[in-house]
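S.K.: Those sequence lines, one after another, are chains F, R and C.
Under the working numbering, the letters of the first sequence match residues 191 to 523, in that order.
Under the working numbering, the letters of the second sequence match residues 35 to 375, in that order.
Under the working numbering, the letters of the third sequence match residues 23 to 612, in that order.
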Amino acid sequence: MSEANRKALLEVDGLRTYFRSEGEIARAVDGVSYTILEGETLGVVGESGCGKSVTSLSIMRLIPDPPGWIEAGEIRFRGRNLVACSEQEMRQIRGNEIAMIFQEPMTALNPVFTVGSQIIEAVREHQGLDPDAARARAIEMLELVGIPIPEARVDEYPHQLSGGMRQRVMIAMAMSCDPDLLIADEPTTALDVTVQAQILDLIAELQERTGMSVLLITHDLAVVAENAHHVAVMYAGKVVEYAPVEELFARPRHPYTIGLFRSLPDLAKPGERLATIPGIVPSAFAFPSGCRYRTRCPIARDECAAAEPPLAALDQDGVHTVACHLLEEAAKL
Amino acid sequence: MSATTSTAEEPLIRLTGLKKYFPVEKGVFRRHVGDVKAVDDVSFQVGRQETLSLVGESGCGKTTAGRSLLRLIEPTAGEALYCAEPGAAPIDLFELSTKDMRRRRRDLQIIFQDPFASLNPRMSVSHIVGEALRVHGIARGDELDGRVADLLQRVGLRAEARNRFPHEFSGGQRQRIGIARALALGPKFIVCDEAVSALDVSIQAQIINLLKDLQEEYHLSYLFIAHDLSVVKYLSDRIAVMYLGRIVESGTTHDIFERASHPYTRALLSSVPRPEPGRKRDRIVLQGDVPSPISPPSGCHFRTRCPVAEERCSEVYPTHVRLSATHSAACHLIESETTQA
Amino acid sequence: MTEPRATDQAAGGDAGGYSKDYWDQVFEQLGKRTLFKVALAILAVLYASAIYAPLIANDRPFVLEAINYKEYGQAHRTLYPVTLGLNSLAKKSPEEYLEDRTEGSTQTFDEALSAELAAASGRVELMLSYLPEEAEGRAVLAEYMTKVEAGIAAARARDTETATATMKEVKDVAKRIRAELAPPDLDDPEAEGLELIGQKSYPLWESVSAWEIFFMVLWALVLLWPLWNRAWNALLLRGDRARIRRHRRLKWALVLGLSLLAAGGWKATIDGSLNFAAAPYKAALTSGEIVATRAVFPPVTFGFAETSSGEFFRPPTWSDKAEIDDEGYYVRGPRVPEPDVITGILPDPAPVEVRHGEPDRNAKWRRPLGTDSLGRDFLVRALWGGRISLSVGILSAAILLVIGTVVGAIAGYFGGWVDFLLSRFIELLLCFPVFFLILLVVSVVPPDFVPPIFLIVVVIGLIRWTGVARLARGEFLKLRESEFVIASEALGLSPARTIFRHILPNAMGPVLVSGAFSVAAGILTESGLSFLGFGVNEPIPSWGALVNESRNPEHWWVILFPGLLIFVTVSCYNLVGEALRDAVDPRLKD
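#1: From the DSSP output, in three-state form, read off residue 54/R for me.
#2: What residues in its chain sit with their C-beta under 7 Å from that of residue 255/C, if we drop five residues either side in the sequence?
#3: Going by beta carbon distance, what residues of the same chain come within less than 7 Å of residue 456/F, once the five residues before and after it are set aside?
#4: On the DSSP bridge list, what partners appear for residue 79/R?
#5: Below 8 Å between beta carbons: does that hold for residue 279/R and residue 58/R?
#6: Specify, as a first and last residue, the run of the beta strand (DSSP E) that residue 573/C falls within.
#7: Is residue 117/R helix, strand or coil when you go by DSSP?
#8: For residue 452/C, count neighbouring Cβ atoms within 10 angstroms of its own Cβ and tell me buried if that reaches 16, exposed if not.
#9: Could you tell me how far apart the beta carbons of residue 226/F and residue 454/F are, in whole angstroms, since I believe they sit closer than 8 Å?
#10: Rank 260/F, 254/F, 233/F by C-alpha distance to the C-alpha of residue 219/F and give the top, closest one.
#11: So residue 431/F and residue 423/F are supposed to be a Cβ contact under 8 Å. How far apart are they, rounded?
#12: How many Å lie between residue 121/R and residue 46/R at the Cα?
#13: Which value, in whole angstroms, describes the spacing of the CA atoms of residue 43/R and residue 93/R?
#14: Assuming residue 282/R and residue 336/R are in contact, meaning their beta carbons sit under 8 Å apart, how far apart are those beta carbons, in whole angstroms?
#15: Taking a Cβ distance cut-off of 8 Å, strictly less, list which residues of the stretch 223-256 of chain R are near chain F, in chain order.
#16: Grouping DSSP H, G and I as helix and E and B as strand, with all else coil, what is residue 355/R?
#17: Looking only at its chain, what residues have a beta carbon closer than 6 Å to the beta carbon of residue 308/C, apart from the 5 residues adjacent to it on each side?
#18: Could you tell me whether the Cβ of residue 449/F comes closer than 8 Å to any Cβ of chain R?
#19: By DSSP, does residue 60/R sit in helix, in strand, or in coil?
#20: Inspect the beta-carbon positions of residue 377/F and residue 357/F and report whether they are closer than 8 Å.
#21: Alpha carbon to alpha carbon, what distance is there between residue 275/F and residue 480/F?
#22: Compare the C-beta of residue 363/R with all C-beta atoms of chain F and state if any pair is closer than 8 Å.
#23: Strictly under 8 Å for the Cβ-Cβ distance: is residue 49/R near chain F by that measure?
#24: Hey, would you say residue 363/R sits closer than 8 Å to residue 296/R, going by beta carbons?
#25: Cα-Cα, which of 520/F, 452/F, 242/F is closest to residue 237/R?
#26: Hey, how far is the Cα of residue 210/R from the Cα of residue 457/C?
#27: Give me the chain R residues within the contact set of residue 526/F, using Cβ-Cβ distance strictly less than 9 Å, ordered along the chain.
#28: Cβ of residue 505/C within 8 Å of Cβ of residue 434/C?
#29: According to DSSP, is residue 381/F helix, strand or coil?
#30: Does any residue of chain C have a CB that is nearer than 8 Å to the CB of residue 128/R?
#31: In this structure, what does DSSP give as the bridge partners for residue 262/F?
#32: Which residues mark the beginning and the end of the beta strand (DSSP E) in which residue 552/C is found?
#33: Is residue 327/R close to chain C? Criterion is C-beta to C-beta, closer than 8 Å.
#34: Go ahead and pull the three-state DSSP assignment for residue 260/R.
#35: Our contact map puts residue 16/C next to residue 490/C with C-beta atoms below 8 Å; I'd like the distance itself, whole angstroms only.
#36: Can you list, in chain order, the residues of its chain whose CB lies under 8 Å from that of residue 134/C, leaving out five sequence neighbours each side?
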């Protein structure tokens, strides 16, 4: 895969998604911008509550309204602004051009229908195939995602399958209409590590075969390291750092990214204390002024409280962008 | 922290042949149709101020093993020798009467995975942390308040937190409250049941550091139950790998991570993603899922997914092969492998 | 939103200030629900109307200050014959008395003297009680008594001479009394007569029993809770929320204690036992037998068992079909009398008797909800009927909550064979149709042995606990496995402590919710049974029994008003249960 000159498939630009709860407003996503290139995987990492999942639901326009709504920003999919699309247009895009898989496949599958009928339904809805062709397509898809004896499994119910198999069925459903973008929201968090490896390999293999883009949302830096091409690090509703994966892991520049890496037990030597980030993630109801990381940042100064740092490119190419006022100090961390 | 336990000194915990079977019943009259062998013949020992980790995938029996050891689940069979002081006569926890065991619980504590389910939502923090002290008659009145405040401070919470309720705390802070509760009675041994698995990376690091500090300060021994191998590698002195209710390999952290012998351990280690982009992937991807513990495969339980299984693997369960003073594994193929090498 | 409310410390609760506990959160959630508050207010009013029914609707006056001319007249009239008797007795020697005394009598001479004295002094005292302080007659009566006593004393001393002389004087005084202290002639309003004063009595209060006082005081304190609670918190606790929380139990204890104290005091002093009976006060006042100088009646002056001739099935008096003319004939509507086809004679008139304190015959508020087949006021019966219907709901729910929670807790906590047996038993009980079981029990047990209404309560309580038990069992099963319960076990706490301190408080939420629904179900069951005639004994009303008064569609008020009350109460309980269900589990909203 050549790195240069890939076209952007999806651009999220200044997205703000808010929720109202008991008279107060939670700014779950508050000015997020990132780009997914064609045929690439963008990994979005962050701690719980940083807004990474809400961003992906906003792309699908699946934010429950009320209590949530998209306040501002654009989501350009092949140049088309999804925020402005009608619900009917979105239905055409959802599942067909953008598909999504979730963390808990059992809740995402309907327990009273066979897995086959659920795939068939999706295929017929979007591609207008006749029943026989749709069934053949369903079996083909199950085979594609590595389910043994797909002719038999197609008539089984979700509860008859193991967790890993269910996630494969979810992927089969998502892939059945040849989407251009697959959004995978913590696809392996509920799975055991050996099964996680299978599923991640499967997604990579399908990407190679179809050339689709993948938006991989996870809290696990190691999963991102092995599976993404670009990485966006999110904190408190914002992207704080965006870079190609090798660049980010070799030269993290934002104090938060650096803090995250330091707290990984993988990289620590036994016997050595883990570096930690003090405190907890601020509430989306009341973010700190200026830089939102300043309350936990080891190098924060007065100026950090005054203004919010913009996401700025580090160099001419603009491949590595960071939102921090104190890049020089951060480099010394 | 010394990982070795000298032969002269009796370890804090010596567990032998632990079995926990859950009966499977069917029909209106609850006919006994079989057993889930959640833990089947597990033996290990935990030395003083040592951390032993039990690792394995979900359903391998590691949580059941930890809770059976503390008799929070009554074990089906086995012997758990507990030796409170070096030189003291060990007592079998499984033989104690309910009343004696209740007294003994002061030494043996547990920390849970889910920081939201592990604290009684109706109780204030001071009640949660101080209840055991009061009930066991250790402290009351002002002394109790002082003890609770000390404990909270020790786990990194302000003393003012004691009048608050669990729902007002974040996950990491709740986990600290759970740790303070476990520390209240001055235990010698703590089972950490997936104690950091539900936490975010940065919070996880805080709790790991706290557990290490407390171990130093109070000379604690941990049985650390986890599925996250990177945390295990960082924290453990020794590791036991479980698969379908049995320990398949055990050894020092170095033994397991550098000289893994059992095919399952190797597959497990190779599946763990590493935060190193571009690392050459050289995974042993296992086929299929873990079989049901109601009817595990004959012979070696792992043979159905094992990349190197042979015919004899289906005949008899392999015995543990001693690879070094600290390292052993249960696999028919190990000897032949080592001789080849 | 400028400075963070929730930076790292504040969100985690390290900062000082007040923390909400479970009940704070529940009340906060409930406070946000308008429908819940409306339902609660309606229920509070319904319960108040039931508890205070004796004070709202009663045919007894609170205070009665009246002159009983009949009584006075009788005492006055018989005083002279009594004096004559005394006189003749005083003249006799004991021997003569024994000779003359009635055949078969064993009375001695001294005993006869005492009896005569008592007869005289009783009459004098009665007359004195009606005479004003400044009346001249008082002196005469006093003189009479002094002389009588002197005469009797002499007779006792066997001094017949003095006795005879004194008694002669007594006779003269008695003559004066007969002349001067005669009561006025009631039939002649013009006649001048003696001025008498009324006797004060409290017939209504005397009929109120101690347990009624308990609930009246309790409910008053509960209804006024917002007021005194605010004052208490502001003045006594100075708004310190932590202390307010600690005082929560104290307040409840105080409310219960005060109510009990009031009831105990009532029992010791007044204690009524005149419950559930129609009283003759209004009739006597109307006939003039008693003339009241002051009579304070409750707002509605009908008793729940007070019948009224001429007002059978009278429609609500605000409707124009209820108008009745002087003779007792309806003026409009289907009940206007028609002459007999053959004889051309109108049916006998049934004039409406308007008794003392009652609204006029055709006043709009005389019978706001109409009357029943005996002319009993429907509003009053609905008020009193609420006492039965509402308490059946509460009591049956209380019984089934206790049984259900205990059984469910045992099954859920101990599991295994205990759970198996109890669960099968519950399934067995579920096969019993409660309604027919109650019918069976009520028809087998004689009503004078146990009142059927108690049977209904007990049978509902003994059979319907299965739902609560299943709920409690589920909660206990779930909570027993929860980590905080395992933690309490690991801390070496006793099973009792684990059950009562850790599991039970967390399991009670859903159980209480089902309790609210059970009250509604109990009320409905009682109504159904009373409608079929298996509930209360006549003349005690209950809402279901009221509906049973008539099946004639012309008597629409009989079905509409009690039916509406049942509907409103049941709906309110369901609304309360619904709101509780959402509020008792704040963990869901974390």
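Even glycine gets a Cβ: it sits at the ideal position worked out from N, Cα and C.
M.R.: Per the coordinate set shown:
#1: strand
#2: 261, 266
#3: 412
#4: 48/R
#5: no
#6: Run containing residue 573/C: none; DSSP gives neither H nor E here.
#7: coil
#8: exposed
#9: Actually they are not in contact, since the Cβ atoms of residue 226/F and residue 454/F sit about 25 Å apart, beyond 8 Å.
#10: 260/F
#11: 4 Å
#12: 11 Å
#13: 34 Å
#14: 7 Å
#15: 234, 235, 236, 237, 238, 239, 240, 242, 243, 246
#16: strand
#17: 377, 378
#18: yes
#19: strand
#20: yes
#21: 33 Å
#22: no
#23: no
#24: yes
#25: 452/F
#26: 55 Å
#27: The question about residue 526/F has no answer, for chain F in this structure spans 191 to 523.
#28: no
#29: coil
#30: no
#31: 206/F
#32: Not the beta strand (DSSP E): residue 552/C falls in the alpha helix (DSSP H), residues 526-553.
#33: no
#34: strand
#35: It is not possible to answer for residue 16/C, since the shown part of chain C is limited to 23 through 612.
#36: 111, 119, 123
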